[in-house]
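J.: Here it is, the structure, as structure tokens.
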């Protein structure tokens, strides 16, 4: 059993004025909301789910972004209803929320 | 192909004086060193490896800790030679460094 069955990282990076960044889209408040939802559902902690902040995840042009590991599924989101869907369908149910999913493939180098 | 082939998160959490925490063990400096090594090896970036800071990873009693996803392998480390080993053997070579590995299993709840 992995230490966390699913580990959700929210990018909360703040860039200079005018540059795209996740902090500008409520990342911190929505990360906090996701954590509270997981606690309320009784899935938060070792053996379950962890939700947490991260530094820049490196996908600023697609902000705001979050990633679920070990699945390696990347999401964007707008509001609490998007977070509800990620928590309930993916973190609890193991189902990828295709509507909010970002491409797996990195851009051509 | 996943966005990052391997994604290494360093816990850099700072807790109150006297409590165990990763920030006390040079996490920030050694994360920076790991990133520079990956850049020097030409593996840093989309399609390759990302090394970054994270908030508290929740394993304070085992500090300092870092985790490699999507593998879900947890490490502790002491110095630059440990970081070299994680970078060269795991991030480049895909081999788990058992010497530095933390248990997968969460503590009994």
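Chains as they are written, first to last, in our numbering: chain A, 121 to 229; chain B, 121 to 229.
Here a beta-carbon is modelled for each residue, glycine too, at the ideal position from N, C-alpha and C.
If we ignore side chains and look at the alpha-carbon of each, how far apart do residue 141 of chain B and residue 185 of chain B end up?
T.: Residue 141 of chain B and residue 185 of chain B: Cα-Cα distance of roughly 9 Å.
J.: Check whether chain B comes within 9 Å of residue 184 of chain A, counting only Cβ atoms and requiring the distance to be less than that.
T.: no
J.: Below 9 Å between beta carbons: does that hold for residue 200 of chain A and residue 153 of chain A?
T.: yes
J.: Nearest-angstrom Cα distance between residue 216 of chain B and residue 155 of chain A?
T.: 30 Å
J.: Please list, in chain order, all residues of the same chain as residue 170 of chain B whose beta carbon is under 6 Å from its beta carbon, the five residues on each side excluded.
T.: 124, 127
J.: Taking residue 148 of chain A as the reference, which of B/164, B/175, B/159 has the closest Cα?
T.: B/175
J.: Taking 9 Å as the threshold (beta carbon to beta carbon), is residue 123 of chain B in contact with chain A?
T.: yes
J.: Can you tell me whether residue 216 of chain B is helix, strand or coil according to DSSP?
T.: coil
J.: Taking 8 Å as the cut-off, is the C-beta of residue 228 of chain A nearer than that to any heavy atom in the ligand MN?
T.: With respect to the ligand MN, the structure shown offers nothing to examine, as it has no ligands at all.
J.: Residues of chain A with a CB under 7 Å from the CB of residue 162 of chain B: which are they?
T.: What residue 162 of chain B touches in chain A: nothing, since even the nearest Cβ is about 11 Å away.
J.: Please list, in chain order, the chain A residues whose beta carbon lies closer than 9 Å to that of residue 170 of chain B.
T.: 177, 178
J.: At least one CB of chain A closer than 9 Å to the CB of residue 173 of chain B: is that the case?
T.: yes
J.: Cβ of residue 218 of chain A within 9 Å of Cβ of residue 196 of chain A?
T.: no
J.: Tell me the DSSP secondary structure of residue 228 of chain A in three-state form.
T.: Here residue 228 of chain A sits in coil by DSSP.
J.: Quick one: give me the first and last residue of the beta strand (DSSP E) that residue 131 of chain B is part of.
T.: 126-131
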